[in-house]
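In our numbering, the protein residues as written are 64 to 255. These notes are about the structure you will find just below.
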Ligand code: AMP
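Right, dumping it as C-alpha cells:
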C-alpha cells in the first residue's frame, strides 16, 4: 500500500497517519516528525529547519525531498508506506512521482481529511497547551494556514484529477475517524 495523508494544519494527519499505517502494516513517514526530531537532537538539519518551522514557514523543497528520498530507500518502505505531510508543494509532488517511478510503483490512494477551519483552530490551540509545539503559537498557526492554502491545497486537485483522492470526514473520536478512513481506503484500493 503506497498512500498519502493530506489535510490542513490540525486536521489530525499525524494521529490518523500512525493508526492507518498500523492498519495496513506499513511505516508512517512524517516529514514534520523527522524535522522535529532533528530540532530536538540539535542536528545540522535541525538548526536549518527549526526557525522556519517555528514561524510556520515551509522547509525548502530541496531539503525536504532529499530527506524523503533517503527515508523511502530504507528497507521497511519497500512493501509500502504512508506519507504524512509530504508532498506539500507542486515540486515535491513531481519529485515524489519520479522517485516512485524509479522504485516501488505509483501511489494508490491520497487520503484527504476534511475538517472545518473553526474546529481546526480550536484543536491547535488545545494542542498548544498540551504539547508545547514551537509552531503552535497564534502567529505561526495563522501563517501555516496561509501557506497551506497557497502551496498545498492545490495538490488536492492534482490528485483528484489522477483519480487518487479519497475524502473522509475528519471530525469525531479518533477510532471512529480511523475506521472511516480504513473503510474508504479499502474500497478505493479494491475498486482499482
Ligand atoms: P507537520 O508536523 O506535518 O504539521 O509539519 C510541521 C512543520 O514542518 C511544517 O509547518 C513545516 O514547517 C515543516 N514541514 C513538514 N513537512 C514539510 C514539507 N513536506 N515541506 C515543507 N515543510 C514541511
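Yeah, the Cβ is synthetic: ideal placement off N, Cα and C, and Gly gets one too.
Strand pairing of residue i, partner residues [DSSP]
i, result
"residue 163", "Residue 163 is not bridged to any residue."
"residue 144", "65"
"residue 174", "68 and 229"
"residue 93", "147"
Cβ pair residue i, residue j closer than 9 Å
i, j, result
"residue 148", "residue 93", "yes"
"residue 188", "residue 204", "yes"
"residue 222", "residue 146", "no"
With 16 other Cβ atoms within 10 Å as the buried cut-off, status of residue i
i, result
"residue 177", "exposed"
"residue 213", "exposed"
"residue 113", "buried"
"residue 76", "buried"
"residue 100", "exposed"
Any non-hydrogen atom of the ligand AMP within 8 Å of residue i CB
i, result
"residue 120", "yes"
"residue 213", "no"
"residue 96", "yes"
"residue 149", "yes"
"residue 231", "no"
"residue 152", "yes"
"residue 100", "no"
"residue 217", "no"
"residue 133", "no"
Range of the contiguous alpha helix (DSSP H) that encloses residue i
i, result
"residue 139", "Run containing residue 139: none; DSSP gives neither H nor E here."
"residue 217", "216-224"
"residue 74", "That residue, residue 74, is in no alpha helix (DSSP H); it is neither H nor E in DSSP."
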